[in-house]
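Taking numbering that gives the first Met the number 0, the leading residue of the sequence shown gets 0, the next gets one more, and so forth. Cβ atoms here follow ideal geometry from the backbone N, Cα and C, with glycine treated the same way. This one's a predicted model, so the numbers in the text were calculated from it and none came from an experiment. Input: a single structure, listed below in structure tokens.
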Amino acid sequence: MVTIKSKREIELMRAAGKMAAECLRDMGKLVVEGVTPLEIDRACYEWTIARNAVPAPLNYKGFPNSLCVSVNDVVCHGIPNNRPFQRGDIVNLDVTPIVNGYHGDTNATFVVGETSKEALDLIAATREALTRGISAVKPGATVGDIGWAIEQFIRPLGYSIVIDYCGHGIGRNFHEDPMVCHVGRPGRGTVLKEGMTFTIEPMINAGQAETRVDSDGWTVYTVDGSLSAQFEHTLLVTATGVEVLTQLEE
Ligand code: MF3
Ligand code: CO
Ligand code: CO
Numbered sequence: 000m001v002t003i004k005s006k007r008e009i010e011l012m013r014a015a016g017k018m019a020a021e022c023l024r025d026m027g028k029l030v031v032e033g034v035t036p037l038e039i040d041r042a043c044y045e046w047t048i049a050r051n052a053v054p055a056p057l058n059y060k061g062f063p064n065s066l067c068v069s070v071n072d073v074v075c076h077g078i079p080n081n082r083p084f085q086r087g088d089i090v091n092l093d094v095t096p097i098v099n100g101y102h103g104d105t106n107a108t109f110v111v112g113e114t115s116k117e118a119l120d121l122i123a124a125t126r127e128a129l130t131r132g133i134s135a136v137k138p139g140a141t142v143g144d145i146g147w148a149i150e151q152f153i154r155p156l157g158y159s160i161v162i163d164y165c166g167h168g169i170g171r172n173f174h175e176d177p178m179v180c181h182v183g184r185p186g187r188g189t190v191l192k193e194g195m196t197f198t199i200e201p202m203i204n205a206g207q208a209e210t211r212v213d214s215d216g217w218t219v220y221t222v223d224g225s226l227s228a229q230f231e232h233t234l235l236v237t238a239t240g241v242e243v244l245t246q247l248e249e
């Protein structure tokens, strides 16, 4: 069931989204050569509890850490490990604080020092895919319109769109209806209404779309070993369009 957030709930979602964006910004500064994912996990935990919030990933369906750290050919849900970042790595951090009972969910892909043009192009395209998806959001549009906008942009570039994982409604729960897939057909699927909150979070692979889950039960890899990038925002459908709840003002 897709819920419509009340005025009060929207204020709470704004606060959660802002904290998520600030957390991602501050954790992103730690993505430098030699730092380990587990060090960022510790920093994320301390950062979050210091602000009277809770890191939603921790113990979520058994996930062992406070954020996901997905490096290179890891698509999403990377369990933080002890391997130091190396120059050229591409690193997605995905943070989700719970603030006064409401979730803000955002992620971004960072680079460690200098990386290849291939990696930079993939990251730029993935960021633009999220922007295109967001641009499709308004009352009366559908989740299919979002997927369609992303597909139209990504397909001609020769990349592939991961279909095994999708965006999602969000609020009191980490994952709610509707499911927001990053492929779709115009006019299909759930109709968007003012007061809905959900994420768009395209995962784009340089190679094939197929994924596999590691024996740790969480970490998702590309089957062909190709690079994967992702960006995520939490959104609110407004009377006239969309508000990005996890965007910091410049
Ligand atoms: N933050 C992820 C998302 O965007 C979900 C992570 S679930 C976890 O939906 F358990 F791996 F943290
Ligand atoms: Co999400
Ligand atoms: Co997320």
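Taking only three categories from DSSP, how would you classify residue i?
{"i": "C165", "result": "coil"}
{"i": "E8", "result": "helix"}
{"i": "P36", "result": "helix"}
{"i": "M26", "result": "helix"}
{"i": "E231", "result": "strand"}
{"i": "I3", "result": "coil"}
{"i": "T95", "result": "coil"}
{"i": "V31", "result": "coil"}
{"i": "D144", "result": "helix"}
{"i": "P177", "result": "strand"}
{"i": "F62", "result": "coil"}
{"i": "R13", "result": "helix"}
{"i": "I89", "result": "strand"}
{"i": "Y220", "result": "strand"}
{"i": "R211", "result": "strand"}
{"i": "A107", "result": "strand"}
{"i": "S134", "result": "helix"}
{"i": "E127", "result": "helix"}
{"i": "F152", "result": "helix"}
{"i": "I122", "result": "helix"}
{"i": "T198", "result": "strand"}
{"i": "I78", "result": "coil"}
{"i": "Y101", "result": "strand"}
{"i": "E242", "result": "strand"}
Assuming residue i contacts residue j (C-beta within less than 8 Å), just tell me the rounded distance between them.
{"i": "V74", "j": "T221", "result": "6 Å"}
{"i": "T141", "j": "G188", "result": "5 Å"}
{"i": "L156", "j": "A124", "result": "6 Å"}
{"i": "V111", "j": "V31", "result": "7 Å"}
{"i": "A55", "j": "F152", "result": "With 8 Å as the limit, A55 and F152 do not qualify as a contact, their Cβ atoms being about 30 Å apart."}
{"i": "G146", "j": "G183", "result": "2 Å"}
{"i": "L57", "j": "S69", "result": "Actually they are not in contact, since the Cβ atoms of L57 and S69 sit about 17 Å apart, beyond 8 Å."}
{"i": "I48", "j": "I89", "result": "Not quite, the Cβ-Cβ distance comes to about 28 Å (not below 8 Å), so this is no contact."}
{"i": "G166", "j": "E200", "result": "5 Å"}
{"i": "V253", "j": "G139", "result": "Lying before the first or after the last residue shown, residue 253 is absent from the chain, which here runs from 0 to 249."}
{"i": "Y164", "j": "A205", "result": "Between A205 and Y164 the Cβ distance is about 17 Å, and since that is not below 8 Å, they are no contact."}
{"i": "E10", "j": "L247", "result": "Their Cβ separation, rounded to whole angstroms, is 18 Å, which puts E10 and L247 out of contact at 8 Å."}
{"i": "G16", "j": "G103", "result": "4 Å"}
Can the beta-carbon of residue i be found less than 8 Å from the beta-carbon of residue j?
{"i": "I149", "j": "A128", "result": "yes"}
{"i": "F84", "j": "G33", "result": "yes"}
{"i": "M26", "j": "L235", "result": "no"}
{"i": "I133", "j": "V243", "result": "yes"}
{"i": "R86", "j": "E113", "result": "yes"}
{"i": "I203", "j": "S225", "result": "no"}
{"i": "A14", "j": "V94", "result": "no"}
{"i": "T218", "j": "G77", "result": "yes"}
{"i": "L23", "j": "N106", "result": "yes"}
{"i": "Y59", "j": "R171", "result": "no"}
{"i": "N80", "j": "P36", "result": "yes"}
{"i": "V1", "j": "V136", "result": "no"}
Quick test of the definition: if touching needs 3 or more C-beta pairs under 8 Å, does the region 229-236 touch the region 208-217? no
Is the region 179-195 touching the region 39-58 in the sense that three or more CB pairs, one from each, lie closer than 8 Å? no
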